[in-house]
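Single-structure report; data block below.
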Amino acid sequence: MRASPADQTILDRRNLDWYIDKVVQVLVFVGGISAIIFIIGIFVFITREGIGFIFSSWDPIEFFTSPRWAPTSSHNPTYGALALILGTASVTGLAMIVAVPFSLGAAIYIGEFASGKTRESLKVLVELLAAIPSVVWGFIGLSILNPLIIQWFNVPIGLNVLNAGVILGLMAAPIMTTIAEDALKAVPDTYREAAEAMGAARWQVIFKVVLPAAKPGLLAAVLLGVGRGFGETMAVLMASGHSINIPTSIFDSVRALTATIAAELGETAHGSDHYQALFVLGIFLFLITFLINLTADLVVRGIRNR
Amino acid sequence: MVEHGAENASTGENRANPTRMLEVRNLSISYGSKSALRDVTLDVRENEIFGIIGPANSGKTSFLRALNRMDVFTPGMNVEGEVLVSGKDVRSWRNLYALRRRIGVVFPLPVGLPMSVYDNVALAPRLSGIKKKAVLDVIVEKCLQRAALWDEVKDRLHSLGSLLSGGQQQRLTIARALSQDPDLLLLDEFSIAVDPVTTMRIEDILKELRKETTIVLVTNLVQQARRLADRTAFFLMGECVEVAETEDLFAGGVQDQRTREYVEGRFG
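Chains U and B, in that order, are what the protein sequence lines are. According to this note's numbering, the first sequence is numbered sequentially starting from 28. According to this note's numbering, the second sequence is numbered sequentially starting from 16.
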């Protein structure tokens, strides 16, 4: 079919739709690329603040192996981050032990069993839980969990790995539940139907078909929780005891990387070794978070392409 | 006649005619206030392919769902009347899962579960407690052979089943349905998402399977019923208009004018 000259001018004309389409394209592009720009910007900024220290007086062996974090010592300041790293890791680990069963259980109940009103009200409640500020969680750890731990376990101090881990776990559980439930909802009903038609009982359908199918999403939920654990500052600062310690039991007080930065940065001189060392902690946190996300991405891709 | 089911259930005895695999008595299905199927009574004999034809919305799929009691998982689906499988009312089976293991279902769209080809076929045997790898290997190979898929997938049994092509996935679904060694195989418009060549291959498989099992085939392709079915039922708007030998049906030996018109393609 050949277009007549009149048709051709119509087909060539840049009308309003054409311009709107272009504008939307540009806006979406800017939105998408801005996330990358911000991430790079943050990385450049924290690196610039800490890089001088890395190249002048930073001792990586001391940083990763010494538990002695004493940046304010007047005669021999040391910057060993081992205790801080282990503090963050132990609290996050315990938090995941608390949060994973809770959140997956809740997600399975909401997604697979609950229906109608129960389901709707549960979802609203979970979302409400996710909105509680972290300082409130820290307060609960400090004023409720602390005396309870002292009383139940007969230990001298209740601000420790256990306290911070439980608080952090409860904090991370709602958001993990929401993500996990979305992952379960994304599993097509035809899978459930097919398995049920084969005589699978409800729990078999869930464990053999639905959970494996939702694995990437569930993994994303857990890793989001881990990321939350590494990054959380205020609640951990309040509940962990904030004392530099290599934890040997869950009743030891610890100090987290994030809490160290938050507590000390305001008291350092801009540009001093201490100030820069705190930014090195920041770089380290950033890299860890980056690695967790990268691993998650690779694992999810691996599952998809198998 | 109508009391059969209840009595059989209490005595556990098979009093029905043994050559009847499936007996449906006064089956009515409704979703809320909307009626989907009204007062259907028919028999399916052992080792036959029983075709069900009819336009959309005539209650064909609802009929199948009532047979293996999928109504339990469909909110609002209400079933009345009796469905007897091997003379026993399906609603008297306390163990729903055991019933479903005797009835294989193939859905309109292929459902390759997100696990390996091997695991897809081994799922049902594993659910019923078979764990030995040697036994499972035999079942998997046999079912894939019977579904004419073995040659295509034998080298990638452990790759993801949902990565197969549509036609392969549909044969995988059939292999999975066969893995439970069903007494009754229900197929719901299996060729919707399958190319004609694969459709013909699956039809050949079904003709072979007739020797071992009973098949209820719901199809929207009149000619498919003609090619495969021993007897055919015509459903229209929730009513079973008539059941006849397929040959008779297509030779014009129909009792109802509506059937004749549908079969000849004048409406629907």
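Built from N, CA and C at the ideal position, the CB exists for glycine as well.
Backbone CA spacing between residue i and residue j [nearest angstrom]
i         : j         : result
Val198(U) : Glu254(B) : This sequence places Met at residue 198(U); Val is not what is there. Using only the alpha carbons, I get a separation of about 57 Å.
Val125(U) : Val193(U) : 6 Å
Met265(U) : Gly165(U) : 5 Å
Ala227(U) : Leu138(B) : 9 Å
Thr205(U) : Gly120(U) : 20 Å
Gly254(U) : Arg191(B) : 40 Å
Pro243(U) : Glu223(B) : 40 Å
Ile67(U)  : Ile73(U)  : 10 Å
Glu89(U)  : Leu109(U) : 9 Å
Ala266(B) : Gly96(B)  : 32 Å
Gly280(B) : Leu236(B) : 10 Å
Pro98(U)  : Gly168(U) : 28 Å
Leu156(U) : Ile69(U)  : 29 Å
Ile44(B)  : Lys235(U) : 31 Å
Ala210(U) : Ser177(B) : 18 Å
Ala240(U) : Phe88(B)  : 20 Å
Arg328(U) : Ile319(U) : 14 Å
Glu17(U)  : Gly74(B)  : Absent from the model: residue 17(U). The displayed extent of chain U is 28 to 333, so no value can be given.
Thr229(B) : Val237(U) : 30 Å
Ile112(U) : Leu321(U) : 20 Å
Glu61(B)  : Ala248(U) : 51 Å
Ala304(U) : Asn103(U) : 15 Å
Ile213(B) : Val232(U) : At residue 213(B) the sequence reads Thr, which differs from the Ile that was named. When rounded, the distance between both Cα atoms is 29 Å.
Ile202(U) : Ala158(U) : 9 Å
Val105(B) : Val256(B) : 24 Å
Pro140(B) : Gln270(B) : 45 Å
Trp230(U) : Leu195(U) : 30 Å
Glu139(U) : Phe80(U)  : 53 Å
Gly256(U) : Leu250(U) : 9 Å
Leu51(B)  : Leu82(B)  : As written in the sequence, residue 51(B) is Ala, which differs from the Leu given in the question. Going from the Cα of Ala51(B) to the Cα of Leu82(B) covers about 15 Å.
Supposed contact pair residue j and residue i - C-beta distance, whole angstroms, cut 8 Å
i         : j         : result
Asn187(U) : Phe278(U) : 5 Å
Ala290(B) : Thr261(B) : Absent from the structure is residue 290(B), since the part of chain B shown begins at 16 and ends at 283.
Met92(B)  : Tyr133(B) : The Cβ separation is near 34 Å, so there is no contact.
Pro125(B) : Asp203(B) : Going by Cβ atoms, the distance from Pro125(B) to Asp203(B) rounds to 12 Å, so no, they are not a contact pair.
Leu187(B) : Leu199(B) : Not confirmed; about 20 Å, so no contact.
Ile118(B) : Leu221(B) : The pair is not a contact, with the Cβ atoms about 16 Å apart (cut-off 8 Å).
Gly77(U)  : Phe306(U) : 3 Å
Leu99(B)  : Val231(B) : So it is not a contact: roughly 14 Å between Cβ atoms.
Contacts around residue i, its chain only, beta-carbon distance under 6 Å, and the 5 residues preceding and following it disregarded
i         : result
Ala200(U) : Ala126, Phe129, Ser130
Ala240(B) : Gly66, Ile68, Thr234, Thr247
Cys158(B) : Val136, Ala190, Leu193, Ser194
Ala149(B) : none
Val182(U) : Phe278
Ile60(U)  : none
Asp39(U)  : none
Val155(B) : Tyr133, Val136, Ala137
Beta-carbon contacts of residue i that lie in its chain and below 8 Å, excluding the five residues immediately before and after
i         : result
Ser161(U) : Met198, Glu259, Thr260, Met261, Ala262
Ser267(U) : Gly114, Val118, Leu186, Asn187, Val188, Asn190, Ala191, Ser280, Val281, Arg282, Ala283, Ala286
Val209(B) : Pro125, Gly181, Gly182, Gln185, Ile217
Val17(B)  : Only weak support is given to the placement of Val17(B): the predicted model assigns it a pLDDT of 40, under 50, and the value that follows is read from those uncertain coordinates. For Val17(B), where only same-chain residues beyond five positions count, the Cβ hits under 8 Å are Arg40, Asn41, Glu97.
Ser143(B) : Arg116, Gln195
Same chain, Cβ closer than 7 Å to residue i, neighbours up to 5 away in sequence not counted
i         : result
Ser84(U)  : Asp300
Ser117(U) : Val188, Pro274, Val281
Ile137(U) : Arg146, Leu149, Lys150, Glu208
Val258(B) : Leu57, Arg246, Ala248
Leu314(U) : none
Ala289(U) : Thr260, Leu264
Ser131(B) : Leu172, His173, Ser174, Leu175, Gly176
Val214(U) : Val237, Ala240, Ala241
Within chain C, partners of residue i - CB distance below 9 Å
i         : result
Ala113(B) : As a matter of chain content, chain C is missing from the structure shown, whose protein chains are U and B.
The region 111–130 of chain B contacting the region 52–69 of chain B, beta-carbon criterion three pairs below 8 Å: no
Residues in the region 125–144 of chain U having any Cβ partner in chain B nearer than 7 Å: none
Touch test, the region 197–211 of chain B against the region 160–175 of chain B, Cβ-Cβ under 8 Å, three pairs minimum: no
Residues from the region 119–138 of chain B in contact with chain U, defined by Cβ distance under 7 Å: Val120, Phe122, Leu124, Val126, Leu128, Pro129, Met130, Leu138
Positions along the region 56–85 of chain B whose CB lies within less than 8 Å of some CB in chain U: Asn83, Met85
Contact list for the region 205–217 of chain U against chain B, Cβ threshold 7 Å: Thr217
Residues of the region 164–193 of chain B with Cβ closer than 8 Å to any Cβ of chain U, in chain order: Ser174, Leu175, Thr188, Arg191, Ala192
Residues from the region 221–244 of chain U in contact with chain B, defined by Cβ distance under 8 Å: Ala221, Ala222, Glu223, Ala224, Met225, Gly226, Ala227, Ala228, Gln231, Lys235, Val236, Pro239, Ala240
Near-chain U residues of the region 137–164 of chain B - C-beta to any C-beta below 9 Å: Leu138, Ala139, Arg141, Leu142, Ser143
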